[in-house]
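Structure record follows, encoded as structure tokens.
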Amino acid sequence: MKVVILAGGYGTRISEESHLKPKPMIEIGQRPILWHIMKIYSSYGFNDFVICLGYKGYYIKEYFAHYFLHESDVTFDFRNDNENITHNHSAEPWRVTLVNTGIDTMTGGRVKRIQPYIGYEPFMLTYGDGVSDVNIKELVEFHKLSGRMATVTSIQPDGRFGALDISDLNEVRGFQEKPRGDGSWINAGFFVCQPEVFDYINDDSTIFEKEPLENLAKQGELSAYKHNGFWQPMDTLRDKNHLEDLWARNKAPWKTWGKDLVKNV
7 MKVVILAGGY
17 GTRISEESHL
27 KPKPMIEIGQ
37 RPILWHIMKI
47 YSSYGFNDFV
57 ICLGYKGYYI
67 KEYFAHYFLH
77 ESDVTFDFRN
87 DNENITHNHS
97 AEPWRVTLVN
107 TGIDTMTGGR
117 VKRIQPYIGY
127 EPFMLTYGDG
137 VSDVNIKELV
147 EFHKLSGRMA
157 TVTSIQPDGR
167 FGALDISDLN
177 EVRGFQEKPR
187 GDGSWINAGF
197 FVCQPEVFDY
207 INDDSTIFEK
217 EPLENLAKQG
227 ELSAYKHNGF
237 WQPMDTLRDK
247 NHLEDLWARN
257 KAPWKTWGKD
267 LVKNV
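The sequence shown begins at 7 in the numbering used here and counts up one residue at a time.
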């Protein structure tokens, strides 16, 4: 099953860095967040990626064009017709297809454009700016058992600010830092889709989260996989710094690789 990653947006809310590079290439621990997302899937045995490019897509192409070289020990022998000898390497067993899906194309349009690279097979889909400790194996199994056309991972986000417990007499009885929100479940990405989902997308102007998902929901063809663990998008510089801090302290919940996980789903 291929993994489709949306990586073409402008990233305007984190413009401090996205004016230089596409948002998925903003680094956490000296690695692009796109790399972190791919490592999550790879830790469960999914290594075939289709990445939807748009804004500054050449940056992502150049990254992967040189990835194997950068992850390897290499000898350049200029005495012998500039022979390159690759020694030890630690590059992942990835197959990465990079597709130009347009600068201003909406999310649904980007998905529609990669249909030729998916064929008539189920596929996974997520955003190129969010990490999670979602169990991909359980997500895929949940989707298969649901029998529906699409599954979206849903989470209940924490509130942005701390909450005060105030009595009727205006006495503060307690303080809770970043409690859960209003109980609503939101779209966290990490979709699993049947190929029929392509039929719900019209053109480049289609927003995937609007008509396609809304129509699937109306027809009873959209399941929600409830995830109660970690999920964090990188929408702002504040989010980026939070993820960077977790990584630096070796407390990154999304670092599923290196653990004893079930492979080759």
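Every residue gets a Cβ at the ideal spot worked out from N, C-alpha and C, and that includes glycine. Predicted, not measured: the structure shown is a model, and the values here were computed from it.
Could you spell out where the alpha helix (DSSP H) holding residue i opens and where it closes?
i, result
"residue 76", "73–76"
"residue 206", "Per DSSP, residue 206 belongs to no alpha helix (DSSP H) and is neither H nor E."
"residue 146", "142–152"
"residue 40", "39–48"
"residue 62", "Segment: none, residue 62 is in no alpha helix (DSSP H) and carries neither H nor E."
"residue 20", "Looking at the DSSP string, residue 20 is not in any alpha helix (DSSP H), and its letter there is neither H nor E."
"residue 212", "Where residue 212 is concerned, there is no enclosing alpha helix (DSSP H), given that its DSSP letter is neither H nor E."
Judging by CA-CA distance, which residue of the options is the nearest neighbour of residue i?
i, options, result
"residue 262", "18, 106, 53 and 43", "43"
"residue 164", "236, 37, 13 and 64", "236"
"residue 210", "256, 121, 224 and 77", "121"
"residue 66", "227, 83 and 15", "15"
"residue 92", "143, 61 and 83", "83"
"residue 154", "191, 230, 112 and 119", "230"
"residue 104", "129, 72, 59 and 9", "59"
"residue 162", "136, 192 and 212", "192"
"residue 75", "87, 94, 61 and 85", "94"
"residue 119", "255, 201 and 26", "201"
"residue 126", "12, 204 and 247", "204"
Just to confirm my understanding: we take residue i, look at its own chain, exclude 5 residues before and 5 after, and list those with CB closer than 7 Å. What are they?
i, result
"residue 196", "132, 138, 140, 145 and 159"
"residue 102", "55, 57 and 70"
By Cβ distance below 6 Å, which residues in the same chain neighbour residue i in space, the five residues on each side in sequence not counted?
i, result
"residue 45", "263"
"residue 148", "231"
"residue 79", "93 and 94"
"residue 259", "139 and 236"
Could you check how far apart the C-beta atoms of residue i and residue j are, in whole angstroms? I think they sit under 8 Å.
i, j, result
"residue 130", "residue 9", "5 Å"
"residue 156", "residue 89", "About 50 Å; that fails the 8 Å criterion."
"residue 212", "residue 115", "5 Å"
"residue 31", "residue 135", "About 10 Å; that fails the 8 Å criterion."
Going by beta carbon distance, what residues of the same chain come within less than 8 Å of residue i, once the five residues before and after it are set aside?
i, result
"residue 53", "47, 98, 99, 100 and 101"
Let's see if you can read the secondary structure: which residues bound the beta strand (DSSP E) around residue i?
i, result
"residue 118", "Not the beta strand (DSSP E): residue 118 falls in the alpha helix (DSSP H), residues 113–119."
- Query: In chain order, which alpha helix (DSSP H) runs of at least 4 residues are fully inside the region 214–249?
  - Reply: 217–224
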